[in-house]
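Below: one structure, written as structure tokens.
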């Protein structure tokens with residue numbers, strides 16, 4: 041059973057950390073994104089009760105706090121423990137690496153974590169494969185979809201249903217990856 045208190049505490053923490061940030065291209069408060077990721081993770085945990093739903097939910101809600109909100113790993117560890125801090129760190133791109141190496145590095149680090157962290161990355165990309173911001177170039181949209189397939193290949197074994205959802209979302213996202221006028 042998962043803890044509603046822990047989820048609420050993590051959501052409050054994320055809301056404060058992300059402050060006035062918005063989901064790119066939507067205008068929604070950023071906490072909307074992390075909540076959607078948490079819902080995907082919760083769905084996976086309900087389907088597979090042996091998963092540690094508290095770890096999955098906390099990592100889902102906090103997954104962008106280091107990368108996008110200036111929170112430190114030490115702050116996450118103090119508030120939520122070492123396992124959550126390690127999961128959030130693994131889900132965070134290493135900005136010291138060249139951009140073209142960041143995803144592979146993050147996926148390698150995620151694979152060293154419990155399956156609950158893997159499914160957060162799957163859930164994150166499922167959520168991110170909604171309509172892209174209108175200002176993204178065709179090349180960026182295609183690259184983003186290719187990354188989704190890379191995530192699927194690396195982490196899909198974590199949870200069959202989430203992997204299937206990611207695959208379906210990537211397929212639907214093809215509509216955003218065509219030249220105008222292509223069928």
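Numbering (the numbering used here), first residue to last: 41 to 223.
Don't be surprised by glycine CBs; every beta carbon is placed ideally from N, CA and C.
So for residue i, helix, strand or coil by DSSP?
i	result
residue 133	coil
residue 105	helix
residue 127	helix
residue 91	coil
Under 6 Å Cβ to Cβ from residue i, same chain only, skipping five residues before and after it: list those, please.
i	result
residue 93	42, 85
residue 172	181, 216
What does the alpha-carbon distance come out to for the pair residue i and residue j?
i	j	result
residue 58	residue 146	21 Å
residue 167	residue 95	19 Å
residue 90	residue 156	10 Å
residue 62	residue 101	15 Å
residue 83	residue 217	28 Å
residue 153	residue 123	9 Å
residue 140	residue 118	32 Å
residue 125	residue 220	43 Å
residue 169	residue 69	17 Å
residue 113	residue 98	13 Å
residue 144	residue 188	12 Å
residue 116	residue 203	28 Å
residue 67	residue 121	32 Å
residue 48	residue 88	22 Å
Counting only the same chain and skipping the five closest in sequence on each side, list residues whose C-beta sits under 7 Å from that of residue i.
i	result
residue 111	57, 105
residue 161	131, 150, 191, 195
residue 64	173
residue 54	71, 74, 101, 102, 105
residue 133	107, 142, 146
Following a CB-centred definition, is residue i positioned closer than 7 Å to any heavy atom of the ligand GDP?
i	result
residue 48	Looking at this structure, you won't find the ligand GDP or any other ligand, since it has none at all.
I believe residue i touches residue j by the beta-carbon criterion, under 8 Å. Please report the beta-carbon distance rounded to the nearest angstrom.
i	j	result
residue 158	residue 208	Rounded, the Cβ-Cβ distance is 18 Å, inconsistent with contact.
Which residue spans inside the stretch 162-210 form an unbroken alpha helix (DSSP H) run of at least 4? You should have 178-195.
Starting from the N-terminal side, write out each stretch of the alpha helix (DSSP H) that is 4 residues or longer and does not extend beyond the stretch 47-88. Here the runs fully enclosed are 71-87.
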